[in-house]
Amino acid sequence: MKYDVIVVGGGHAGCEAANASAKQGLKVMLITSDLNNIADMPCNPSIGGTAKGIVVREIDALGGLMGRVADVSHLQIKMLNSSKGPAVKSLRAQGDKVTYPKNMKKELMSIKTLDIVEGMVEDLIVEDKTIKGIVTGDGKTYYCTCLVLTTGTYLKSKILVGSTHKFEGPHGQTSSKFLSDKLRDLGFDILRLKTGTPQRIDPDSVDYSKLKPEYGDKTPWTFSFDLEPQYDVDKQRCCYLVYTNETTHKIIRDNLSKSAMYGGYAEGIGPRYCPSIEDKVVRFASKDRHQLFLEPESDFYPDLYLQGFSTSMPTDVQELMVHSLVGLEHAKILKYAYAIEYDAINPLQMMPSEESKVIHNLFTAGQINGTSGYEEAAGQGVIAGINAGLKCRGMEPLILGRNESYIGVLLDDLVTKGTKEPYRLLTSRAEYRLILRHDNADLRLREYGYKVGIISEEQHDRLLKKEEDIKSLINDLNNIKLHPSDISNAIKDVVGEIDKGYTLYELLKRPEITIDMLKEYITNSYSDEVYNVVEIQVKYEGYIAKTNREVEKMMKLESKKIPLDIDYDKVLNIASEARQKLKLVKPLTIAQASRISGVNPADIAVLSVYLKKEYSKNNE
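Residue numbers (my numbering): 2 to 621.
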């Protein structure tokens, strides 16, 4: 059977890729080793978080599924960093581990051009360095124009608990034994990475009187721009704050040699920004405690997830560790923590479109690219699915810039800098984060989704209405002027006496004045969403303008293209390391070249002169 696009893997990357390709009207197959594990959440079922929540909004803006599924599948939701300014505000939802996969599968099954098939892919059909199809473990062959690999942690995956190990994926699922060998034979550089998951605790065995409760927000939120809140803010599940202590740390230090990582039983490299608890104790030895959370996994079974306590210690040591925590002295462990090793490919062998540099028409997304996290996987999945579809349609790929999205930052980091550890997004990775906010993801990206064909006319009309309302509100703020006698006591109470007239725009620029204080003077009606966007734009106008000037400088460098056929050996006077890195990465622009580790400004200057001399017509 022949498909336009085949997506391998039913995790978060695979779900988004299948949706993004199929919504373009193409014939798509999603193949997964277990139909019951589509959109599985082997770790914490949370969606969003710092930076990650903005990625979920971006996925939704592009026409993806994660946001809308999370909105109807969560147990608690809150806005993080509310007091730290708009650049770092992000939604985080504690999802339901049963409901989320169920609702994602429902979304996928509603797509008429998408076939969902159960099977294990063990071989790839490649001719003339171009993907042609797949072969499953039971000998079935499927052909395609483009292939998207989203294998997650299943490539030669190995579960580690102390000195013991099992060759399987999360939840005892079958590991893919041969596919990574095939990729290596095709010319891919294979990395060995590691991640892990903590214990699950019986809620009836916890002493909650010793723990600090963490409640959801009273303000109703959604990730999706198209849905209204569908939950009761007063019926959200509670999470609890827990801390390690010196006793915990001593148990860990005394048993380090029994850890899979520190005992020499693990090969893979673990995530720097989501480390195991033993890694935290070693790396941050001066800290007397580490923050943990007890979080519900589902309304359908009791397990509490002990966030921040992942480990590869033997089970007997885990018992001691858990029981050392205040409030968990008598806790019953329902499922022990473990580490998992798996194969991934070097993302430097991937183009910004997520198409492979090694095999034509082969795209990769998610943890196979060296990332960590559901949101990072889903963000890659939607772009890979879009671009696989565009490739089938004979169209240019969608490549998001660092100034346009966190997804663009993620992909640029991967293809330019690579990774030696599971990569996760942080707000600090985005130099233009003030314009990559939670509130404006649709304004930044929805037009792209519409042009590709996965955003509907109705969704696009809502975007146009929002854009018109923003312009109208800004116009109102500039044109409505208040005389001192018109200004309310509520405003005077925070700014003092006012002796002259001000426009609403001028008043709103004052840090003490909120948009809510000015609504009574505005005759037109606007949504809370519009008020919020405009308030941020007005209050941070100067900072946003400065960021946009920085973007303009960067875009000038992005416009200076580097030909794919350039011979870097002919570029004299650049450092040998720079030459090596440029050959490996094959940057598309001078801007991308400047972001490569080991390529210095002097190398960029020499390269720019060479390009102007040899390719002047393309770089004027």
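Ideal Cβ placement from N, Cα and C applies to all residues, glycine included.
The alpha-carbon of Val-56 is positioned some 20 angstroms away from that of Arg-273. Under the three-state reduction of DSSP output, His-250 falls in the helix class. Counting every other CB atom within 10 Å of its CB across the protein chains shown gives Gly-68 a total of 16 or more, marking it as buried. For Ile-32 and Gly-64, the gap between their C-alpha atoms comes out near 21 angstroms.
Per DSSP, the continuous beta strand (DSSP E) segment holding Thr-365 begins and ends at 363-365.
If you check the CB distance, Gly-12 and Asp-41 come in under 9 angstroms.
For the pair Gln-350 and Ser-357, the Cα-to-Cα distance works out to about 6 angstroms.
With a contact defined as Cβ atoms closer than 8 angstroms, Leu-257 and Glu-229 miss out at about 51 angstroms. The continuous stretches of alpha helix (DSSP H) do not include Cys-44, and DSSP gives it neither H nor E.
Residue pairing by DSSP places Val-118 opposite Ile-32 in a beta bridge. In terms of Cβ geometry, Thr-175 and Ile-369 do not form a close pair [threshold 9 angstroms]. Distance from Val-73 to Ser-299 at the Cβ level is roughly 14 angstroms; contact not present, criterion being Cβ atoms closer than 8 angstroms. Contact between Asn-441 and Val-586 does not hold, since the beta-carbon distance rounds to 31 angstroms and is not under 8 angstroms.
Taking C-beta separations shorter than 7 angstroms and ignoring five residues to either side along the sequence, the partners of Ala-52 in its chain run Ser-91, Tyr-407, Leu-426, Leu-427, Thr-428, following chain order. By the neighbour-count definition (other C-beta atoms within 10 Å, threshold 16), Val-495 is an exposed residue. Rounded to the nearest whole angstrom, the CA to CA distance from Ser-158 to Arg-193 is 10 angstroms. Secondary structure at Thr-152: coil, using DSSP grouped into helix, strand and coil. For Glu-119 and Leu-150, the gap between their C-alpha atoms comes out near 15 angstroms. Excluding its 5 nearest sequence neighbours in each direction, Arg-201 has C-beta neighbours in its own chain below 8 angstroms: Glu-298, Asp-304, Leu-305, Tyr-306, Leu-307, Ile-334, Leu-335, Lys-336, listed in chain order. Under the DSSP assignment, Gln-95 falls outside any alpha helix (DSSP H), being part of the beta strand (DSSP E) whose first and last residues are 91-96. For Met-351, the pairing in a beta bridge is given by DSSP as Ser-357.
In this structure Val-610 is exposed. Its beta-carbon is surrounded by fewer than 16 other beta-carbon atoms within 10 angstroms. As summarised for the region 452-511, the continuous alpha helix (DSSP H) elements at least 4 residues long and confined to that stretch are 458-480, 490-496, 505-509, given in chain order. Between the region 215-223 and the region 248-268, the count of C-beta pairs closer than 8 angstroms stays below three; the two stretches do not touch. Distance between Arg-58 and Glu-377, taken at the CA atoms: about 12 angstroms.
In the DSSP assignment, His-13 falls within the unbroken alpha helix (DSSP H) covering 13-23.
Using a Cβ distance threshold of 9 angstroms, Asn-20 and Leu-148 do not count as a contacting pair. Annotated three-state conformation of Gly-264 is coil, per DSSP. By the neighbour-count criterion, in which a residue is buried when 16 or more other Cβ atoms sit within 10 angstroms of its Cβ, Thr-312 is buried.
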